[in-house]
Amino acid sequence: MSELIPSIPLITGILLGLAIAVGAGYFVYGAVLYLNASADLVLRQRGRTAMRYAFAAFALALVAFGATDLLVDTGALPPASIDVQPLHLGR
Numbered sequence: 004m005s006e007l008i009p010s011i012p013l014i015t016g017i018l019l020g021l022a023i024a025v026g027a028g029y030f031v032y033g034a035v036l037y038l039n040a041s042a043d044l045v046l047r048q049r050g051r052t053a054m055r056y057a058f059a060a061f062a063l064a065l066v067a068f069g070a071t072d073l074l075v076d077t078g079a080l081p082p083a084s085i086d087v088q089p090l091h092l093g094r
């Protein structure tokens, strides 16, 4: 299991790039639908919805990348030590 941990950032980086590429393609598809449907309200709505889903996919991919990066890098930090004396008020 410990030999798998160093390869996790590489895997998440590849998956993030793939998710961004697919999301960008879907966003462009939605933009083309929206811009080419001058009078058809149904196609305009489909294009708008596709662009919204692509934007949500971008946000979700970035949050997932950040969460995995945070979880993987947390194991490398030394434990925190608190050397502060408690504050006594009143006496």
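Plus 3 on top of the position in the sequence shown (first one is 1) and you've got the numbering used here. Glycine included, C-beta positions come from ideal geometry on N, C-alpha and C.
DSSP places LEU92 outside any alpha helix (DSSP H), giving it a letter other than H or E. At a Cβ-Cβ threshold of 8 Å, ALA34 and ALA60 do not count as neighbours. Assigned with DSSP and collapsed to three states, ILE85 falls in coil, not helix or strand. Taking PRO9 as the centre and dropping the five residues before and after it, the same chain places no C-beta closer than 6 Å to its C-beta.
Residue environment analysis places LEU44 among the exposed positions, since fewer than 16 neighbouring C-beta atoms fall within 10 angstroms of its C-beta.
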